[in-house]
Amino acid sequence: MSKYQEEQREKSIKLIENSGLFENCKAGGKFMGKERSFVLTDFKKNFYQPILPDVLNYFDQKNGNNISWWGGKFPTGHTLSSQIACLNHLFPVRNDKDAVLKIAQIICEDIIDVMEIKSDKFQSAYIAFEAVSDYDYLNECKDEQKPTRGSHCTSIDALIYAKHKNGKNYLLPIEWKYTEHYSNTDKSAEDREGEAKGTNGKGKERLKRYSDLINNSEQLKKYGNYKGSVYFFEPFYQLMRQTLWAEQMVAHKSSEIVSAEDFIHAHIIPSENQNLLKSDSRYKYKCSGKDMKTTWMENLSIPNKYKIISPKGLLASIDPNKYADLKKYLETRYW
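Per this note's numbering, the very first residue in the sequence shown carries number 45; after that it's consecutive.
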């Protein structure tokens, strides 16, 4: 457990015990098979209450957008969930065009408009969650199936569809982090369960899936051999796949409901999460010997198409009066 994760866990436990933030919901929900003091027994109380029941209906697998929740059929009661954090920050404003435009302009000041994301068949608005492409461009689906939102393929935590002042339509894919931090696992050398140790079955499949896409990428820098490269260590493995996703969405814009000509990738990370950012000189990523931002930007052809923003910073420009209650909730719980 990282220092920041431990601090946020203790904060959540105190909020559960001593505040009405979770409407007196008790702790003791299960995580990894055990009752935990930072997991709520009622997952509904893990949400900013004004977004209920809409957020559940939006995800609904029968009558909504058929989106999988992290870790299971239902939302988690885990108070440190980054999926829940993303929804608590962005779902309340998704129908407010002015608020979403202000958020988009934090990502890129040259954005002049935001557009409805009509790939959402249910409750479409100006932000979509767990977004996927209409077709499988990353070779991730079996038997030529289409991508399934939230599971077994590259999904985008939140997506804004915007108009740039240069006249182009832009994708603004948002990757949301909270207390995450990662071990030094090489995903290009990972074994497949049930196969002999050292056969690297999973790793070989990943290399086969993504190597040609990286070679053809305009944004990702090239290496002779991608095994053991930065692209196959987290969090860069995730960033690599999302970059490829955005590029392929642009390349196949004529086939996509959300048709765009460019993108800017936003990475939302609390500035206190040094175990992820590693901007403290004492902590560096072993795969690069550098901090997260430097590592990733050195592997991009156009570095300014990648932005790191704090959750508080992302919402800094929305109407303080209209969203006073939301900001108070977020300040108490997350900021």
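Where is the CB? At the ideal position from N, CA and C, for every residue including glycine.
- Within the same chain, and ignoring the five residues on either side of Leu251 in sequence, the residues whose Cβ sits closer than 7 Å to its Cβ are Ser232, Tyr270 and Lys271.
- Listed in chain order, the non-local C-beta contacts of Lys266 below 8 Å within the same chain comprise Ile258 and Asn259, local neighbours out to five positions each way being set aside.
- Beta-carbon to beta-carbon, Phe277 and Asp230 are separated by about 6 Å, close enough to satisfy the 8 Å threshold.
- Here Ile151 is buried. Its C-beta has 16 or more other C-beta atoms within 10 Å.
- Between Ala310 and Leu216, the CB-CB gap stays under 9 Å.
- DSSP, read as helix, strand or coil, puts Lys356 in helix.
- Spanning the alpha carbons of Ile156 and Glu262 requires a straight line of approximately 25 Å.
- Per DSSP, the beta bridge partners of His309 are Tyr350.
- Here DSSP, grouped into helix, strand and coil, assigns Gly116 to strand.
- Collapsing the DSSP output to three states places Glu249 in a helix.
- For the pair of segments examined, the stretch 59 to 79 was found not to touch the stretch 97 to 113: the number of CB pairs separated by less than 8 Å stays below three.
- Taking a contact as a CB-CB distance under 8 Å, the pair Asp178 and Ser299 counts as one, their CB atoms being some 7 Å apart.
- For Trp220, the enclosing beta strand (DSSP E) has its first and last residue at Asn213 to Trp220.
- The C-beta distance from Phe66 to Leu131 rounds to 15 Å, too long to meet the 8 Å contact threshold.
- With respect to Ser112, Arg193 sits close: the two C-beta atoms are nearer than 9 Å.
- Within a 10 Å sphere around the beta-carbon of Trp340 sit 16 or more other beta-carbons, which makes this residue buried.
- Here the alpha carbons of Lys322 and Thr223 stand approximately 13 Å from one another.
- For Ala202, the uninterrupted beta strand (DSSP E) run begins and ends at Ile200 to His208, by DSSP.
- Between Val158 and Tyr205, the beta carbon gap of about 7 Å places them in contact (Cβ cut-off 8 Å).
- Between the alpha carbons of Ala202 and Ala169 lies a gap of roughly 12 Å.
- Between Gly115 and Ala129, the alpha-carbon positions lie close to 15 Å from each other.
- Boundaries of the beta strand (DSSP E) around Ala172: Ile171 to Ala175.
- Pro136 is the residue among Lys241, Glu160, Glu184 and Pro136 whose C-alpha sits nearest the C-alpha of Asp98.
- In the DSSP assignment, Val294 falls within the unbroken alpha helix (DSSP H) covering Phe280 to Ala295.
- According to the DSSP assignment, Met341 belongs to the alpha helix (DSSP H) that extends over Met336 to Met341.
- The C-beta distance from Glu188 to Cys197 rounds to 13 Å, too long to fall under 8 Å, and the pair is not in contact.
- Distances from the alpha-carbon of Lys74 to those of Arg138, Lys366, Ala240 and Thr123 put Thr123 closest.
- Closest option to Ser227, judged by alpha-carbon separation, among Leu264, Met76 and Lys328: Lys328.
- With respect to the 9 Å criterion, Ile218 and Ile312 are classified as neighbours on the basis of their beta carbons.
- Counting along the chain, the unbroken alpha helix (DSSP H) around Val99 starts and ends at Asp98 to Phe103.
- Leaving aside the five residues that flank Tyr275 on each side, the residues in its chain whose CB is nearer than 7 Å to its CB run, in chain order, Ile258, Tyr281 and Met284.
- For Val158, there is no enclosing alpha helix (DSSP H); the enclosing beta strand (DSSP E) covers residues Ile155 to Met159.
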